[in-house]
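Colleague: Protein chains in written order, with our numbering: chain A, 1 to 426; chain B, 1001 to 1426.
Glycine included, C-beta positions come from ideal geometry on N, C-alpha and C.
Computed from a predicted model, the values in this text were never measured in an experiment.
1. Sort out for me which residues DSSP pairs residue 1398 of chain B with in a bridge.
2. Alpha helix (DSSP H) containing residue 201 of chain A: first to last residue?
3. For residue 1115 of chain B, return the contacting residues in chain A, with the cut-off set at a CB-CB distance below 8 Å.
4. Name the chain C residues whose beta carbon is nearer than 9 Å to that of residue 242 of chain A?
5. With contact counted as at least three CB pairs below 8 Å, one residue from each stretch, are the segment 1231-1247 of chain B and the segment 399-413 of chain A in contact?
6. Go ahead and label residue 138 of chain A buried or exposed: buried means 16 or more other beta carbons lie within 10 angstroms of its beta carbon, across all protein chains shown.
7. Checking contacts by CB at 7 Å: is residue 12 of chain A closer than that to chain B?
8. Does the beta carbon of residue 1021 of chain B sit closer than 7 Å to a beta carbon anywhere in chain A?
9. Whole angstroms are fine: how far does the CA of residue 1033 of chain B sit from the CA of residue 1050 of chain B?
10. Since residue 146 of chain A and residue 179 of chain A should fall inside the 8 Å C-beta cutoff, what is the C-beta to C-beta distance between them, to a whole number of angstroms?
11. By the three-class DSSP mapping on this structure, what secondary structure does residue 341 of chain A have?
12. Residue 156 of chain A lies in the alpha helix (DSSP H); which residues open and close that run?
13. For the beta strand (DSSP E) holding residue 263 of chain A, just list the boundary residues, first then last.
14. Looking at the structure shown, is residue 1235 of chain B part of a helix, part of a strand, or coil, going by DSSP?
15. For residue 306 of chain A and residue 204 of chain A, I'd like the C-alpha separation in whole angstroms.
16. What do you reckon, are the CB atoms on residue 132 of chain A and residue 392 of chain A nearer than 7 Å?
17. Name, going along the chain, the residues of the segment 1196-1215 of chain B whose beta-carbon falls closer than 7 Å to a beta-carbon of chain A.
18. Measure the C-alpha to C-alpha separation of residue 1029 of chain B and residue 1332 of chain B and round it to an integer number of angstroms.
19. Determine whether the beta carbon atoms of residue 1200 of chain B and residue 1216 of chain B lie at a separation below 7 Å.
20. Could you name the residues of the same chain whose beta carbon sits closer than 8 Å to that of residue 1237 of chain B, not counting the 5 residues immediately before and after it, in chain order?
21. What runs of the beta strand (DSSP E), each 3 residues or longer, lie entirely inside the segment 283-341 of chain A?
22. Quick check on this structure: which residue in B/1121, B/1177, B/1235, B/1151 has the alpha carbon closest to the alpha carbon of residue 1186 of chain B?
23. Within 7 Å (strictly less), CB to CB, does residue 364 of chain A reach chain B?
24. Measure the CB-CB distance between residue 16 of chain A and residue 117 of chain A and report whether it falls below 7 Å.
25. Alpha carbons only, please: which of B/1402, B/1372, B/1382, B/1390 is nearest the one belonging to residue 385 of chain A?
26. Give the range of the alpha helix (DSSP H) segment to which residue 191 of chain A is assigned.
27. How is residue 1225 of chain B classed by DSSP in three states: helix, strand or coil?
28. Taking C-beta pairs closer than 7 Å, name the residues in chain B that residue 106 of chain A reaches, listed in chain order.
29. If we count the other Cβ atoms within 10 Å of its Cβ and call it buried at 16 or more, is residue 1 of chain A buried or exposed?
30. From residue 343 of chain A to residue 60 of chain A, what distance separates their C-alpha atoms?
31. Which one of B/1372, B/1310, B/1260, B/1188 has the shortest CA to CA distance from residue 1327 of chain B?
32. Straight-line CA distance for residue 48 of chain A to residue 182 of chain A?
33. For a test of the three-state rule: what should DSSP assign to residue 1365 of chain B, helix, strand or coil?
34. Indicate the three-state DSSP secondary structure (helix, strand or coil) for residue 209 of chain A in the structure shown.
35. Could you tell me whether the segment 361-371 of chain A touches the segment 295-305 of chain A, using the rule of 3 or more Cβ pairs below 8 Å?
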């Protein structure tokens, strides 16, 4: 491409209000055309993916990454299912969230509308490109997309197919743009004023780099230090079953559990059962002084209670639910934390006082996900408390505007007392 | 005070969940006690304010600032009225914004909750301290408050009265803290992890300094370049009346109009009327080439179409509503813009395509304000599209959390197909 990211962003910015004005029929038609085109042109995508896979295998790419790179019939079907689910969701644009008479013939309305121009930088996963582009189209946003370099050929094909479908459906040509070189990331960060939001997906260090190098608001999708607290009133078999799922089912996920907090009164009974069960499943435990007096495990090192993202977890004995809450709020990452208990008062206290995006009772932390929440798709999980928190789907890509319809009203009349506000929600 | 801001912030952070758990009765009781105490101890406040005023008058403080510094019976009454209005508003905490069955006995609930610890840095206006502290209490947030140094004595008295009332009402002592020295601002910016949000009020340069020097999210309250577009189908007398109000009623306000865009077809008829009317009121107009061919005004200089915050405005002739929209989106500050027209199609197009927090028809831009929107009070007006946009009242001080209540569910069962999600909104 000959155009710079800066020029592209400026063009997008001027077209964004028109993208926002596209009807839900136009946006859904575009999504339908994307789904059809992906199905029809799947061979082209698979061929390109083979090239990427070949290059990756020649390099020193770990097998976990290779698994993400691979784009096959199964992932294509899942992607198309995702698009079809998205088509079925209600229009997120133009929802009235406040409708109020300020005075006679002076009507305030708050309406949801797209954020505008969003820059998304994501990891080397071809299905991520499809998912993010679809969410942006459904939500009426323009997007600059930058995927991982390991999926260059696959992304090029997928983007080409998506963009062609979108333009055929009548949406503005400028609504989607693919950045292809790494240097364009810094260019993108420099587009303050034209790009409204940056969504970086990747390592903590990468997200931090982005935050430190742009004035554009960043919706960071952080790693997760998730906890499970096993209360003295827990069903212990349920606790072990949930812990195994939360630790093992997908260890690299940000919603996998990392720290297990065990009530002191059940530690002697529960820890040996937990230890054997996890040991069998190949999970290594590290522990504090108290837990190491009960089961033969290594000490938690100087690194403290961290995110392992592997078949390792740490365990700590706590006095009660309040001690668990304090530990979670102090050392956790405010992502997702679960309490296992049959005691309603303990559960209520935990869910009230734990300051995390997700607070769960008697279920796995792994449920923290846009699909599992029924959002159709997600652009990531936010541990920020501003704007969107938890799994971010369509709602997280919206803002709102206030419209005020009058017939000549001036503020001076209300300041002087000639007129008075007559607030009434409509 | 002997404690550092960093230590204070850490203490607040650990108490914030308890502040968030305070009942609406407790929070309203605290507000009621504040209102009573302010009334009873008003003499103490006025005496302190006299000291501040004396110092300011000895210095070189402009009269507009002196007017803001002054705290008298009128401002006290307005502040107490504001608190009483706030008491009457519904509890913003614990509102259920999503309630969904994911599967049988697996219930997802999204609840509003306070953001946590907020740092507010505000200008030298004693009523700002009262308004901001009250909003934070009603919304269940902890707050570190830093007011302008010119109101030091007044703020000290007011804060003392507020804090005593809050503690007497049973809220955590740590829920409010007053920072008193300028150096504490940089300390506050350094509290990433303990302070959840910074709200700076002040000049553009000051807000930018804050944004560039902290990793804590900043809700910036920008200046405003507001426009009024006078369409060819405008009621011209209404247009002049609205423009006069929007320019003159309070020139230093961020929602005052700065730029007037006039449809070419009415320029010859309308501009002379506008010119005479504004001239009479002491307003200086600057203009583009076309407008200067019609009325005797200075050219808009190299500075372009800027925020004057004084009895000056600029005028530009445009071809139609689309040209007006383009100018506003390109050169405006996305704050509040108004169209004067009797043509419904023109109004609809303007309100759809102008990308601002407030888009108005046939009324003054000065309505953009928390009180006038019926929010009870505001911490400022946001031109950001993330989190809160427009006047920011209680809602802008809230986030949400997801709770998930299960009975042992694990993700593995859904991944393997043993179980299937059965989404149902409740």
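Modeller: With the given structure in hand:
1. B/1114
2. First-last for residue 201 of chain A: undefined, no H or E at that position.
3. Proximity of chain A to residue 1115 of chain B at the Cβ level (cut-off 8 Å) is accounted for by 385, 386, in chain order.
4. Absent from the structure: chain C. Protein chains present are A and B.
5. yes
6. buried
7. no
8. yes
9. 25 Å
10. 4 Å
11. Coil, per DSSP.
12. 152-168
13. 257-263
14. Note: residue 1235 of chain B maps to coil in three-state DSSP.
15. 13 Å
16. no
17. Across the segment 1196-1215 of chain B, CB contacts with chain A closer than 7 Å involve 1196, 1197, 1211, 1215, in sequence order along the chain.
18. 43 Å
19. no
20. none
21. 284-287, 312-318, 336-340
22. B/1121
23. Chain B contact via Cβ: present.
24. yes
25. B/1402
26. Residue 191 of chain A -> no alpha helix (DSSP H), and no H or E assigned at all.
27. In the structure shown, residue 1225 of chain B sits in coil (DSSP, three-state: anything other than H, G, I, E or B).
28. Residues of chain B passing the Cβ test: 1363.
29. Unreliable placement is indicated for residue 1 of chain A, whose pLDDT of 48 sits below 50; the coordinate value is still reported in the next sentence. Residue 1 of chain A should be labelled exposed.
30. 50 Å
31. B/1260
32. 20 Å
33. Secondary structure at residue 1365 of chain B: helix, using DSSP grouped into helix, strand and coil.
34. helix
35. no
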